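Colleague:
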Amino acid sequence: MRKFTLILSLMLAMFTTATAQETVTIRLNGSGGYKYIECNGETNTSGKLAVTKGSLVKISTTAGDPDSNKFAFFTISKSYKDGGEIISNKNPYSFIAETNATYYFNYVDINKDLTATVNITSTEGGNATHGKPYGYTFTLGDEIDLRATANDGYEFVNWTDKAGNVISTEARYTGIVTEKEATYTANFASLTSVEAVSENKEECIYDLLGNRISHISKQGIYIVNGKKTLVK
1 MRKFTLILSL
11 MLAMFTTATA
21 QETVTIRLNG
31 SGGYKYIECN
41 GETNTSGKLA
51 VTKGSLVKIS
61 TTAGDPDSNK
71 FAFFTISKSY
81 KDGGEIISNK
91 NPYSFIAETN
101 ATYYFNYVDI
111 NKDLTATVNI
121 TSTEGGNATH
131 GKPYGYTFTL
141 GDEIDLRATA
151 NDGYEFVNWT
161 DKAGNVISTE
171 ARYTGIVTEK
181 EATYTANFAS
191 LTSVEAVSEN
201 KEECIYDLLG
211 NRISHISKQG
221 IYIVNGKKTL
231 VK
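Just so you know, the sequence shown maps onto residues 1 to 232 in the working numbering.
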């Protein structure tokens, strides 16, 4: 029994050690500035650092020519001009390292305007805000906190962008400003109409206003065979 217990303890110790030592590689690239990756008191300037999975990592940059260039934002996977996704305009930027990843710092001409216009709209049945004071000036890479509140008799359905793409089905959505002119719309639906069209509607599909439709062409909430259904 003691031998079994000892073997089990050794196996658990080996598993714990292997798990604790699991590492991921963080890379930082870009042009126009110097790169720094920091983790557990260690600073790396080569642009590549292996860290323990789950560690807090901080990336930062300083301009090579501050009289001509200014920091704009960090992107992931690719530079902004190559289609990289903006993740933050904060420098330094901190995150938890969960997987191998490559980040890019992006500089622009000192005179380039990074201001972004953010429009918030809503359909009938509620109101919406972007979480900032009235007149707030956004820049590319800013965090945006979308909040939708339904009126009595209505419910929140989803957030859509200016192209009509659904970006979230949660009433509160936190994202990043990634385009110079963005529009977000909070969509609401009447609860009364749901009750009205839910009766005796077997084998038919209706929208939430009670209109019978032949097929569903986009994500949303519909009455399908007499039941309210979220179609993704």
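Note that beta-carbon positions come from the ideal geometry of N, C-alpha and C, so glycine has one too.
All values reported here derive from a predicted model rather than from experimental measurement.
Flag this pair as yes or no: are the beta carbons of G33 and E98 separated by less than 9 Å?
Modeller: No; because the gap between Cβ atoms is not below 9 Å, this pair is not in contact.
Colleague: If I follow the unbroken beta strand (DSSP E) through L208, where does it start and stop?
Modeller: That residue, L208, is in no beta strand (DSSP E); it is neither H nor E in DSSP.
Colleague: Starting from the N-terminal side, write out each stretch of the beta strand (DSSP E) that is 3 residues or longer and does not extend beyond the region 129-167.
Modeller: Counting whole runs of 3 or more residues, the region 129-167 contains the beta strand (DSSP E) stretches 143-150, 154-160.
Colleague: Note the first and the last residue of the continuous beta strand (DSSP E) segment covering S190.
Modeller: Taken as a continuous stretch (DSSP letters only), the beta strand (DSSP E) holding S190 covers 181-190.
Colleague: Short check: CB of F188 to CB of V157, under 9 Å?
Modeller: Closer than 9 Å, so yes.
Colleague: Per DSSP, T121 is paired with what?
Modeller: T121 is bridged to T185.
Colleague: By the 10 Å Cβ neighbour count, where 16 or more other Cβ atoms means buried, how is S46 classified, buried or exposed?
Modeller: Exposed, since its Cβ has fewer than 16 Cβ neighbours within 10 Å.
Colleague: Per DSSP, which one or two residues make a beta bridge with A116?
Modeller: Beta-bridge pairing links A116 to F138.
Colleague: For the beta strand (DSSP E) that contains G220, what are its first and last residues?
Modeller: Start and end: 220-224.
Colleague: From S122 to S214, what distance separates their C-alpha atoms?
Modeller: If I take the Cα positions, the gap works out to 26 Å.
Colleague: I'd like the list of long-range same chain contacts for V51, defined as Cβ closer than 7 Å, with 5 residues on each side in sequence excluded.
Modeller: For V51, where only same-chain residues beyond five positions count, the Cβ hits under 7 Å are T23, V24, I26, C39, V57, A97.
Colleague: When the distance is taken between beta carbons, is Y184 closer than 9 Å to D207?
Modeller: Going by C-beta atoms, D207 is not nearer than 9 Å to Y184.
Colleague: What span of residues does the beta strand (DSSP E) with D109 cover, start to end?
Modeller: Residues 101-109.
Colleague: Given this structure, state the Cα-to-Cα distance separating D67 from I110, to the nearest angstrom.
Modeller: Cα-Cα distance, rounded: 7 Å.
Colleague: If we ignore side chains and look at the alpha-carbon of each, how far apart do N113 and D161 end up?
Modeller: Rather than Asn, the amino acid found at residue 113 in this sequence is Asp. Rounded to whole angstroms, D113 to D161 spans 23 Å at the Cα level.
Colleague: For the beta strand (DSSP E) that G54 lies in, which residues bound it at each end?
Modeller: It is not in any beta strand (DSSP E) - G54 carries neither H nor E in the DSSP assignment.
Colleague: Tell me which residue opens and which closes the beta strand (DSSP E) that I216 is part of.
Modeller: Where I216 is concerned, there is no enclosing beta strand (DSSP E), given that its DSSP letter is neither H nor E.
Colleague: State yes or no: is the C-beta of T102 within less than 9 Å of the C-beta of I76?
Modeller: For T102 and I76, yes; Cβs fall inside 9 Å.
Colleague: For the candidate residues L209, K218, K90, whose alpha-carbon lies nearest to that of Y107?
Modeller: The residue with the shortest Cα to Cα distance from Y107 is K90.
Colleague: Take S217 and list the residues in its own chain whose beta-carbon comes closer than 7 Å to its own, dropping the five residues that flank it on each side.
Modeller: If we look at S217 and ignore the five residues flanking it on each side, it has no Cβ neighbours.
Colleague: Report the three-state DSSP secondary structure of K81 (helix, strand or coil).
Modeller: K81 falls in the helix class under three-state DSSP.
Colleague: For A72 and L140, which I take to be in contact (beta-carbon distance under 8 Å), what is that distance rounded to the nearest angstrom?
Modeller: Indeed they touch by this definition, with Cβ atoms about 7 Å apart.
Colleague: Give the range of the beta strand (DSSP E) segment to which V24 is assigned.
Modeller: Segment 23-30, the beta strand (DSSP E) holding V24.
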